[in-house]
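Trainee:
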Amino acid sequence: MYKNKNIRIGLETHVQLNTRTKLFCSCSTQNILKAEPNSRTCPICLGHPGSKPKVNRVAIEMGIRIALALGCKIAPKIFFSRKTYFYPDMSKNYQITQYEIPLAKDGKLETIDENGKRKIIKIERINLEEDPAKLQHVGGNISNADYTLIDYNRSGIPLCEIVTAPDFSTPKETRMFLKRLMAILEYLRVFIPEKFSIKTDANISINGGKRVEIKNITGFLDLEKALISEIFRQRCVIERGEEIVRETRAWVPETKTTVPLRKKEFEEDYGYIFEPDLTKIEINKDWISEIKEKLPELPHQKFERYQKEFNIRSELASAITSDLDLAQFYEKIIKEVEPKFAASWINVLIKTLHYNNITIKDTKLTKDLFVKLLKLIQSKKVTDLGGEMILRKIIFNPEKFEILIKEYSKIEDMNKLNKLIEDVLKEEERAINDYRAGNEKVIQFLVGQVIRKSSKRIDAKIAYEMIKKKLETL
Ligand SMILES: [Zn+2]
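So the mapping is simple: my numbering equals the position in the sequence shown, first residue as 1, plus 36.
Here it is, written out as structure tokens:
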């Protein structure tokens, strides 16, 4: 694979903040994805001459929450700047952003490296800025479309930009990091994945060569794929004896390649100037302490607490706490069910969710139903395997719970059990001969057959003992 030490990757992640209104006007950002194009606009976010922006303090507060969660130093005073550029997605011909002094800097986030070891990634800075409008190229891409539509609903949505140092050595590390960062943002309630978007730019250099930036990658899976593809491309260029050009590229998920977008400009080229329509904003210590006091428990804090308080192994604690909804679901369950037992069943639930490629939010599973099921399993009225089968079905069809319980309830009737085992033994003459020849492993096979025949309504342990006894008396 790669010689990892020669690769340097840094990330710039843009998070749309979960505010009710835009960053510099009072246009609503709620249900923006479903809104009629250009229906959430006003003279300010359309950049009409004479319109004056006003800062949304909630957006600043959310930025401070992120900064605190990432251990950053927060600037005592901030101001905004105009980043000048000419493009239809920004009708003012400049974007209001932060450049000279970031909202916060010098933070860190602990993640895990390629080999599963702890690794600290430095957070260089955190900025606030407005999102540009959305362009839709109809009938092609940016260079060959028939025409382009512009939706200014997105124009002015607050973005928080989180910039890391080039501390990553492999694509996988960036995926692990982004996953953790997204979990933190969700815990902080500053980002809601169903309602808003998160995009990452990745810069990468190999062997100390020129930096290439890949723009606007959505999601952590594509981030990893884009970087794998770009590293492969750069290695090919180097092998051909050519030089890497400093440039900006775009990730095309359909072809799984990066394509050139433009030769990389330098930040200075944008001609930043101070935004005269906005005053400087003071962020005093009282405001910061007030926000700090209201910070929720964060993923890594929950992770440690679960291990300590409930004695849950670290992989499972990590899996539960990486999804806030799942963690909250678990915390409701353990009010009624013993925490370690509940965690083992949350693990089964996680496997079921993974298998279906969904999250708990996509299911119809309620706390009450899950508790009911766990209590039936705990009191041995339903076997573990039966419980698993029921869980797989009720996440989509909770109304079938009662029927499923009947279907999978444990067979208590000894006569029925005996009959079942006898039936299986009659069918499996070869296995019995094998057993007689000294192959004890065959019992496990017979246990499997009995469980299958009983529709998972018998415990493996009981089946094992009964079969063994029967075989010995044969
Ligand atoms: Zn507006």
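Note that CB positions come from ideal geometry on N, CA and C, so glycine has one too.
1. Hey, would you say T254 sits closer than 8 Å to K231, going by beta carbons?
2. Which of the three DSSP states, helix, strand or coil, is assigned to I45?
3. Taking P194 as part of the alpha helix (DSSP H), name the residues at either end of that continuous run.
4. What is the residue span of the beta strand (DSSP E) that L3 lies within?
5. DSSP on V51, reduced to helix/strand/coil?
6. Do you know whose CA, among D125, G83 and R190, lies nearest I68's CA?
7. Is I68 a contact residue of ligand 1, with contact defined as CB to any heavy atom under 7 Å?
8. Measure the Cβ-Cβ separation of I551 and I319 and say whether it is below 8 Å.
9. What are the start and end residues of the alpha helix (DSSP H) that includes L28?
10. Could you give the residue range of the beta strand (DSSP E) that holds I132?
11. Entirely within the stretch 291–318 and at least 3 residues each: give me those beta strand (DSSP E) ranges in chain order.
12. Which one of Y308, I280, I274 and D258 has the shortest CA to CA distance from V288?
13. Count the other CB atoms, across all protein chains shown, that sit within 10 Å of the CB of D203; report buried if there are 16 or more and exposed otherwise.
14. Please list the terminal residues of the continuous alpha helix (DSSP H) segment that includes D361.
15. Exposed or buried, which one is A499 when buried takes at least 16 other CB atoms within 10 Å?
16. Quick check on DSSP: helix, strand or coil for F204?
17. For A238, list the residues DSSP reports as bridge partners.
18. Could you check where the alpha helix (DSSP H) with T271 kicks off and where it finishes?
19. For I178, count neighbouring C-beta atoms within 10 Å of its own C-beta (all shown protein chains included) and say buried if the count is 16 or more, exposed if not.
20. As a quick exercise: from S64, A378, T184 and I156, pick the residue whose alpha carbon is nearest that of I205.
21. What does the Cβ neighbour count give for S350, buried or exposed, with the cut at 16 atoms within 10 Å?
22. Work out the CA separation of K70 and K328 for me, nearest whole Å.
23. So for R488, helix, strand or coil by DSSP?
24. Which same chain residues, not among the five before or five after K417, have their C-beta less than 7 Å away from its C-beta?
25. List the whole-angstrom C-beta distance separating I159 from K58, where the pair is believed to meet the contact cut-off of C-beta under 8 Å.
26. Kindly confirm or deny that the stretch 388–400 and the stretch 332–351 touch, where touching means at least three C-beta pairs closer than 8 Å.
27. Between F256 and the rest of its own chain, which residues show a CB-CB distance below 6 Å, the 5 nearest in sequence each way excluded?
28. Taking 7 Å as the line, does the beta carbon of K58 fall inside it for any heavy atom of ligand 1?
29. Just checking I148 against ligand 1 - is the residue's beta carbon closer than 7 Å to any of the ligand's heavy atoms?
30. When we look at the beta-carbon of K119 and count the other beta-carbons within 10 Å, is it buried (16 or more) or exposed?
31. So what does DSSP say about K462, is it helix, strand or coil?
32. Buried or exposed for S62, please, with buried defined as at least 16 other CB atoms from any protein chain shown within 10 angstroms of its CB.
33. Give the secondary structure of Y121 by DSSP, where H, G and I count as helix, E and B as strand, and everything else as coil.
34. I'd like the span of the alpha helix (DSSP H) that includes K328, first residue to last.
35. Take every Cβ of the stretch 494–510, pair it with every Cβ of the stretch 450–459, and state whether three or more of those distances are shorter than 8 Å.
36. Span of the alpha helix (DSSP H) holding H173?
Mentor: Here's the rundown:
1. Stepping through the sequence shown from its first residue, residue 254 is reached at position 218. Stepping through the sequence shown from its first residue, residue 231 is reached at position 195. No, they are not a contact pair.
2. For this step, residue 45 is matched to residue 9 along the sequence shown. Strand.
3. Your numbering for residue 194 matches position 158 in the sequence shown. From DSSP, P194 is part of no alpha helix (DSSP H) but of the beta strand (DSSP E) over P194 to T200.
4. Residue 3 falls outside the range modelled here, since the chain spans only 37 to 510, and no answer is possible.
5. Counting from 1 along the sequence shown, the entry for residue 51 is found at position 15. In this structure, V51 counts as strand in the three-state DSSP scheme.
6. In the sequence shown, counting from the first residue as 1, residue 68 sits at position 32. Closest option to I68, Cα to Cα, is R190.
7. Counted from its first residue, the sequence shown places residue 68 at position 32. No, ligand 1 has no heavy atom inside 7 Å of this Cβ.
8. The requested residue 551 is not part of the displayed model; the chain covers only 37 to 510.
9. Because the chain in this structure spans residues 37 to 510, residue 28 falls outside the shown range and cannot be described.
10. Here residue 132 is taken as the residue at index 96 of the sequence shown, counted from 1. First-last of the beta strand (DSSP E) with I132: Y130 to T133.
11. 293–299
12. Locating residue 288 in the sequence shown gives position 252, where the first residue counts as 1. The residue with the shortest Cα to Cα distance from V288 is D258.
13. Here residue 203 is taken as the residue at index 167 of the sequence shown, counted from 1. The residue is buried, with at least 16 neighbouring Cβ atoms inside 10 Å.
14. In the sequence shown, residue 361 corresponds to position 325, counting from 1. L360 to I369 is the extent of the alpha helix (DSSP H) around D361.
15. Taking the sequence shown and counting its residues from 1, the one referred to as residue 499 is at position 463. A499 comes out buried.
16. In the sequence shown, residue 204 corresponds to position 168, counting from 1. The answer is strand: DSSP assigns F204 an E or B state.
17. Working through the sequence shown from its first residue, we reach residue 238 at position 202. DSSP, once it has assigned bridges, lists L47 and I250 as partnering A238.
18. Translated into positions along the sequence shown, residue 271 becomes position 235. Correcting the residue identity first, residue 271 is Arg in this sequence and not Thr. Run containing R271: F256 to E275, per the alpha helix (DSSP H) assignment.
19. Translated into the one-based positions of the sequence shown, residue 178 becomes position 142. I178 should be labelled exposed.
20. Within the sequence shown, residue 205 is the residue found at index 169, counting from 1. Contrary to the premise, residue 205 reads as Ser rather than Ile in this sequence. Nearest option by C-alpha distance: I156.
21. What you label residue 350 is simply residue 314 of the sequence shown in a count that begins at 1. With fewer than 16 Cβ atoms within 10 Å of its Cβ, S350 is classed as exposed.
22. Walking along the sequence shown from the start, residue 328 turns up at place 292. Walking along the sequence shown from the start, residue 70 turns up at place 34. K328 and K70: Cα-Cα distance of roughly 34 Å.
23. Taking the sequence shown and counting its residues from 1, one reaches residue 488 at position 452. In the structure shown, R488 sits in a helix (DSSP, three-state: H, G or I).
24. Sequence index remark: in the sequence shown, residue 417 carries index 381 (1-based). Taken in chain order, the residues that qualify are S445 and K446.
25. Walking along the sequence shown from the start, residue 159 turns up at place 123. Walking along the sequence shown from the start, residue 58 turns up at place 22. With a Cβ gap of about 25 Å, I159 and K58 do not count as contacting.
26. no
27. For the purposes of this step, residue 256 is identified with residue 220 of the sequence shown, where counting begins at 1. Around F256: R211, L214 and K215.
28. Position 22 of the sequence shown, counted from the first residue, corresponds to residue 58. Yes, the Cβ of K58 comes within 7 Å of a heavy atom of ligand 1.
29. As a first step, residue 148 must be located in the sequence shown, where it is residue number 112. The answer is no for I148.
30. Residue mapping note: residue 119 aligns to position 83 of the sequence shown, counting from 1. With 16 or more Cβ atoms within 10 Å of its Cβ, K119 is classed as buried.
31. Walking along the sequence shown from the start, residue 462 turns up at place 426. Three-state DSSP puts K462 in a helix.
32. Counting from one through the sequence shown, the residue named residue 62 turns up at place 26. Flag for S62 reads exposed.
33. Locating residue 121 in the sequence shown gives position 85, counting from the first residue. It is coil, neither helix nor strand.
34. Here residue 328 refers to the residue found at position 292 of the sequence shown. Per DSSP, K328 belongs to the alpha helix (DSSP H) from K321 to E329.
35. yes
36. Within the sequence shown, the letter at position 137 stands for residue 173. Per DSSP, H173 belongs to no alpha helix (DSSP H); it is in the beta strand (DSSP E), K170 to V174.
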